[in-house]
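Asks: Read in my numbering, the sequence shown has -12 at position 7, and its numbers run on one by one without any break.
Even for Gly, the Cβ is constructed at its ideal location relative to N, Cα and C.
Shown below is the structure under consideration.
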Amino acid sequence: MKLYLDTSTPQTILRLDETEYRIDLGNQLAEKLLQVLHQKLQENHADWTDISEITFMAGPGSFTGLRIGSAIVNTLADQLDIPLFKSTGEQVPVILPDYGRPANITPPKK
């Protein structure tokens, strides 16, 4: 089972294989994230040892969220002896609009 974790924004994104969860843990991220992850593993009839690799969104984003998330994924990868991959905001695919002509950006009026 592949685990993806993004703690860079106020809403934590947790993906187990293709199942994605968006969880708002607020200022309880450090206290609740491992509990929520364990609960989601159980809902998917899995356990910690079923995780085969981890990908972590390493930023940019919230300093505290990234610090907590990186501590958790580094510990899990080390203890489970599984690969850990880093993803960044620059690697996330983005769809840009096609306006059909060059953008007409005007200078501010003041």
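What span of residues does the beta strand (DSSP E) with Lys67 cover, start to end?
Replies: Taken as a continuous stretch (DSSP letters only), the beta strand (DSSP E) holding Lys67 covers 65 to 68.
Asks: If we count the other Cβ atoms within 10 Å of its Cβ and call it buried at 16 or more, is Asp(-13) buried or exposed?
Replies: Classification of Asp(-13): buried, given that the 10 Å Cβ count is 16 or more.
Asks: Whose C-alpha, out of Gly70, Met(-18), Thr87, Thr45, is nearest the C-alpha of Glu1?
Replies: Per the Cα distances, Met(-18).
Asks: With DSSP run on the structure shown, which of helix, strand or coil describes Lys13?
Replies: Helix at Lys13.
Asks: So if DSSP puts Arg3 in a beta bridge, which residue, or which two residues, is it bridged to?
Replies: DSSP output for Arg3 lists Ile(-6) as bridge partner(s).
Asks: Just to check my reading of the structure: Ile35 and Leu14 have Cβ atoms closer than 8 Å, yes? What is that Cβ distance to the nearest angstrom?
Replies: Rounded, the Cβ-Cβ distance is 13 Å, inconsistent with contact.
Asks: When you compare only the Cα positions, how much space is there between Pro88 and Phe44?
Replies: Taking the straight line from one Cα to the other gives about 34 Å.
Asks: With a threshold of 7 Å on Cβ separation, who are the neighbours of Gly42 within its own chain once the five nearest residues in sequence on each side are excluded?
Replies: So the list reads Ser(-11), Thr(-10), once near-sequence residues are dropped.
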